[in-house]
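Colleague:
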Amino acid sequence: MERITAQFLDIIEHIGVIMLLVDPDSGTIVDSNLAAAAFYGYPRAQLIGMPMSRINASPPEILTKEMQRALSRECNIFNFSHRLVSGQMREVEVHSHPIDLQGKRLLFSIVHDITEHKRNYEALQLQSSITANAAEGILLIKAEDGVIVYTNHRFDEMFGYAPGELVGQHVSVVNAPSSISPKETAQRIFGALQTEGVWRGEIYNRRKDGRAFWSYAHLSAFHSPDLGTLWVSYQSDITARKQAERRLRDQANLLELAHDGIIVRNLDSCITYWNRGAEELYGWPRAEALGKVTHELLQTGFPAPLADIKAELERSGRWEGELTHSRKDGSQIIVASRWQMQADDGMPGIVMEINNDITERKRLEHELERQAHTDYLTGATNRRHFMEIAELELARAVRYGNLLTILMLDIDYFKQVNDTYGHRMGDAVLVQLTEICRQILRKVDIFARYGGEEFVILLPQTGMAAAMKTAERLRVAVESARIPMERGLPLHFTVSVGVASLERKDDNLDVLLSQADRALYAAKHAGRNTIRSSLQPQAGNTPPL
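Residue 0 is where the sequence shown starts when you use numbering that gives the first Met the number 0, and the numbers rise one by one after that.
(1) Give the DSSP-derived three-state secondary structure of G260 in the structure shown.
(2) Can you pull the DSSP bridge partners for I357?
(3) Report the rounded CA-to-CA distance for H96 versus N78, giving the unit in angstroms.
(4) By a C-beta neighbour count over all protein chains shown, 10 Å radius and 16 as the cutoff for buried, is T184 buried or exposed?
(5) So, under 8 Å CB-CB, A476 and L406 are touching, yes? Tell me the CB distance rounded to an integer number of Å.
(6) Just grab the DSSP bridge partners of Y215 for me.
(7) C74 by DSSP, collapsed to three states: which one?
(8) Quick check on DSSP: helix, strand or coil for S315?
(9) Between the Cα of R545 and those of F385, A389 and I332, spot the shortest distance and give me the residue it belongs to.
(10) If we ignore side chains and look at the alpha-carbon of each, how far apart do Q438 and L519 end up?
(11) Residues in the same chain with beta-carbon distance under 8 Å from N528, minus the five sequence neighbours each way, listed in chain order, please.
(12) From S325, L138 and A36, pick the residue whose C-alpha is nearest to that of S232; which is it?
(13) If you count every other CB in all the chains shown that lies within 10 Å of the CB of L20, and 16 or more means buried, which is it?
(14) Measuring straight from C-alpha to C-alpha, what distance separates R206 and V148?
(15) Roughly how many angstroms lie between the CA atoms of R68 and A34, to the nearest whole one?
(16) Tell me the DSSP secondary structure of R531 in three-state form.
(17) With DSSP collapsed to three states, give me the class of D409.
(18) Write down the C-beta distance between N32 and M51 rounded to the nearest angstrom, noting that I regard them as a contact closer than 8 Å.
(19) What's the C-alpha gap between R248 and T358?
(20) Can you find the residues in the same chain that come closer than 6 Å, C-beta to C-beta, to M157, ignoring five residues on each side of it along the sequence?
(21) For V402 versus L296, is the C-beta spacing smaller than 9 Å?
(22) If I'm right that E390 touches L508 with Cβ under 8 Å, what's the distance once you round it to whole angstroms?
(23) What does the Cβ neighbour count give for R481, buried or exposed, with the cut at 16 atoms within 10 Å?
(24) If you follow the beta strand (DSSP E) that Y149 is part of, which residue opens it and which one closes it?
(25) Hey, could you find the ends of the beta strand (DSSP E) G497 is sitting in?
(26) By how many angstroms is the C-alpha of N151 removed from the C-alpha of R82?
(27) Given a cut-off of 9 Å, decide if R383 and L215 are closer than it, judged by their beta-carbon atoms.
(28) If you reduce the DSSP assignment to three classes, tell me which class A379 lands in.
(29) Per DSSP, which one or two residues make a beta bridge with T271?
(30) Along the chain, where does the beta strand (DSSP E) containing K291 start, and where does it finish?
(31) Span of the alpha helix (DSSP H) holding D444?
(32) So is K523 buried or exposed if we call it buried at 16+ other beta carbons inside 10 Å?
(33) Starting from the Cα of D505, find the closest Cα among R395, G425 and L534 and give me that residue.
(34) For R486, report the span of its alpha helix (DSSP H) as first-last.
(35) Measure the alpha-carbon distance for R153 versus F212 and round it to whole angstroms.
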């Protein structure tokens, strides 16, 4: 055995690769090189004769089985967790082959430390999983030729394609023909991207089965070391919103065809004519309305001073605008009102007023605007609208040298809340957090749901110190909040917060959001329920599991 050891050491003594010589029968280390001693932290004399089970974390029966597989050449590459003298675990890839040394069958093993590689791979897998499961469709396009290089699951689902089916095709394949061709649509967007670096707007699309639909898209540039400049497109299906807009237009057309309320009044605004449409619109029969002063009967709310409206009527002979009227039952309506100066037996002074009830149309308009700008569950500003407002705020801050800070909040262990208590309780947590933020933040602050359990806050004219105080107030308020449960103790939750301030005039919104996101991950690494700023040292980019 001494001669075996000598031969082994002659070969591997000074090689920097970790090497072990193992007896598969006894499961002990016969010899090792200096690199192995340095890696495991044991003196080489202590390693010799040590059972492999002391450094290999696998169960003994598994370890014995794997050594036999290596001995029979059934398998010669293995992944194990190895334990150092400090107790630290390292992930290793072991290449183990049988050798004969003076009649003794041994395993010659080369050990590669793959811990960092595995962590990086897992981080990439996590990032890929987040992208693949994003609520928005994500598309990557090569800028030089418009060819698609990546689509996530949501994008494939929106457009009706199998995973990977769109890769390699020109992006115009997903554009529907309109007044211009699909390729012209793509070229116009690319032209704007090359000039401005970013493009936002509505796109008329075509699914694989030929059906057309609308999406809202946000495109920006991204540089890949392998593929060069890429256009990154985030798309949301806005079919429901467009259908609501179409219903609004249809309803407006029906209102135009309906019987309008027609009122004729003299120069003193006393009613001289009141048609059946007016009776149906306001609830007063003709007999009760005649002789009354119009604006007193209807308690008219004007969009401008009445004197200015009368001056316009006398100058041009007509006026149009929206008025608020009260009906006989006390309810209020909004009307589109058209006034026309008429002649009565050649004498000017008769005004004909045609009123069209647009109350429902206005309600739908406000609802459509709200839907376009807010998150349906929490009522917070949605991500798309936040990006639009934040770009304006950032431009203003850069132009005038104002302070500006972004907070990124993430609910700790939110998946566990959903898994343990159900999505209804998860929704309650999201709503509760939104309410807390509304109570604490200023009216000028912009609060939005960024995605899932992540929220973002923009604090105009606020530096890092003040923003950290605001973040702490939010953290404490959330930590103190309780959500009643149907059974058992109330549920409480916490948030982690990342903070980033505008430090340089050439910083853009993506830079600030990225800094806040990295600070958020640092807060997660620090144990959650805490705050980290982009100015503090950060432990890494992958949150703890």
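Using N, Cα and C, we set each Cβ at its ideal position, and we do this for glycine too.
Modeller: Concretely, from the data shown:
(1) Here residue 260 is taken as the residue at index 261 of the sequence shown, counted from 1. Residue state, collapsed to three classes: strand.
(2) Residue numbering aside, residue 357 sits at position 358 when the sequence shown is read from its first letter. In the DSSP output, where bridge partners are listed per residue, I357 has none listed.
(3) On the sequence shown, position 97 is the one that residue 96 refers to. On the sequence shown, position 79 is the one that residue 78 refers to. For H96 and N78, the distance between alpha carbons rounds to 15 Å.
(4) Mapped onto the sequence shown, residue 184 falls at position 185. The residue is buried, with at least 16 neighbouring Cβ atoms inside 10 Å.
(5) As a first step, residue 476 is located in the sequence shown; it is residue number 477 there, counting from the start. As a first step, residue 406 is located in the sequence shown; it is residue number 407 there, counting from the start. Incorrect: roughly 13 Å between the Cβ atoms, too far for contact.
(6) Taking the sequence shown and counting its residues from 1, the one referred to as residue 215 is at position 216. BP columns for Y215 point to E201 and S235.
(7) For the purposes of this step, residue 74 is taken as the residue at position 75 of the sequence shown. Coil.
(8) Walking along the sequence shown from the start, residue 315 turns up at place 316. Note: S315 maps to helix in three-state DSSP.
(9) The requested residue 545 does not occur in the structure, where the chain is confined to residues 0 to 544.
(10) Taking the first residue of the sequence shown as 1, we reach residue 438 at position 439. Taking the first residue of the sequence shown as 1, we reach residue 519 at position 520. Going by the C-alpha atoms only, they are around 22 Å apart.
(11) Here the question's residue 528 lines up with position 529 in the sequence shown. Hits under 8 Å: D411, R474, E478, T493, V494 and S495.
(12) By one-based count along the sequence shown, residue 232 stands at place 233. Comparing Cα-Cα distances from S232 to each of S325, L138 and A36, the minimum goes to L138.
(13) Numbered from 1 along the sequence shown, position 21 holds the residue referred to as residue 20. By the neighbour-count rule (16 or more Cβ atoms within 10 Å), L20 is buried.
(14) Taking the sequence shown and counting its residues from 1, one reaches residue 206 at position 207. Taking the sequence shown and counting its residues from 1, one reaches residue 148 at position 149. Approximately 18 Å, taken between the alpha carbons.
(15) Looking up residue 68 in the sequence shown gives position 69. Looking up residue 34 in the sequence shown gives position 35. Each residue's alpha carbon lies about 25 Å from the other.
(16) Within the sequence shown, numbered from 1, the residue matching residue 531 stands at position 532. R531: strand per DSSP, three-state reduction.
(17) For the purposes of this step, residue 409 is taken as residue 410 along the sequence shown, with counting starting at 1. In the structure shown, D409 sits in a strand (DSSP, three-state: E or B).
(18) Taking the first residue of the sequence shown as position 1, residue 32 is located at position 33. Taking the first residue of the sequence shown as position 1, residue 51 is located at position 52. Not really, about 16 Å apart at Cβ, beyond 8 Å.
(19) The residue given as residue 248 occupies position 249 in the sequence shown. The residue given as residue 358 occupies position 359 in the sequence shown. Note that R248 scores a pLDDT of 48, beneath 50, so its modelled location is shaky and nothing firm can be said.
(20) In the sequence shown, residue 157 corresponds to position 158, counting from 1. Closer than 6 Å at Cβ, skipping near neighbours: G136 and D236.
(21) Taking the first residue of the sequence shown as position 1, residue 402 is located at position 403. Taking the first residue of the sequence shown as position 1, residue 296 is located at position 297. A small fix is needed here, since residue 402 is Leu in this sequence, not Val. Result no, Cβ atoms of L402 and L296 do not sit closer than 9 Å.
(22) For the purposes of this step, residue 390 is taken as the residue at position 391 of the sequence shown. For the purposes of this step, residue 508 is taken as the residue at position 509 of the sequence shown. A Cβ-Cβ separation of about 6 Å places E390 in contact with L508 under the 8 Å criterion.
(23) Indexing the sequence shown from 1 puts residue 481 at position 482. Exposed, by the Cβ-count rule.
(24) Sequence index remark: in the sequence shown, residue 149 carries index 150 (1-based). Y149 -> beta strand (DSSP E) spans I147 to T150.
(25) On the sequence shown, residue 497 is found 498 positions in, with the first residue counted as 1. It spans V494 to S500 - the beta strand (DSSP E) in which G497 sits, taken as one unbroken run.
(26) Stepping through the sequence shown from its first residue, residue 82 is reached at position 83. Stepping through the sequence shown from its first residue, residue 151 is reached at position 152. Cα to Cα, R82 sits roughly 39 Å from N151.
(27) Your numbering for residue 215 matches position 216 in the sequence shown. Your numbering for residue 383 matches position 384 in the sequence shown. The identity of residue 215 in the sequence shown is Tyr, whereas the question assumes Leu. In this structure, R383 lies closer than 9 Å to Y215 by Cβ.
(28) Residue numbering aside, residue 379 sits at position 380 when the sequence shown is read from its first letter. Looking at A379 - three-state DSSP - the assignment turns out to be coil, as it is neither helix nor strand.
(29) As a working note, residue 271 is residue 272 in the sequence shown. DSSP lists no partner for T271.
(30) In the sequence shown, residue 291 corresponds to position 292, counting from 1. Run containing K291: none; DSSP gives neither H nor E here.
(31) Looking up residue 444 in the sequence shown gives position 445. Unbroken run through D444: none, as it is neither H nor E.
(32) Here residue 523 refers to the residue found at position 524 of the sequence shown. By the neighbour-count rule (16 or more Cβ atoms within 10 Å), K523 is buried.
(33) What you label residue 505 is simply residue 506 of the sequence shown in a count that begins at 1. Cα-wise, what sits closest to D505 is R395.
(34) The count along the sequence shown starts at 1 and reaches residue 486 at position 487. Element bounds for R486: n/a, residue is neither H nor E.
(35) As a working note, residue 153 is residue 154 in the sequence shown. As a working note, residue 212 is residue 213 in the sequence shown. About 15 Å.
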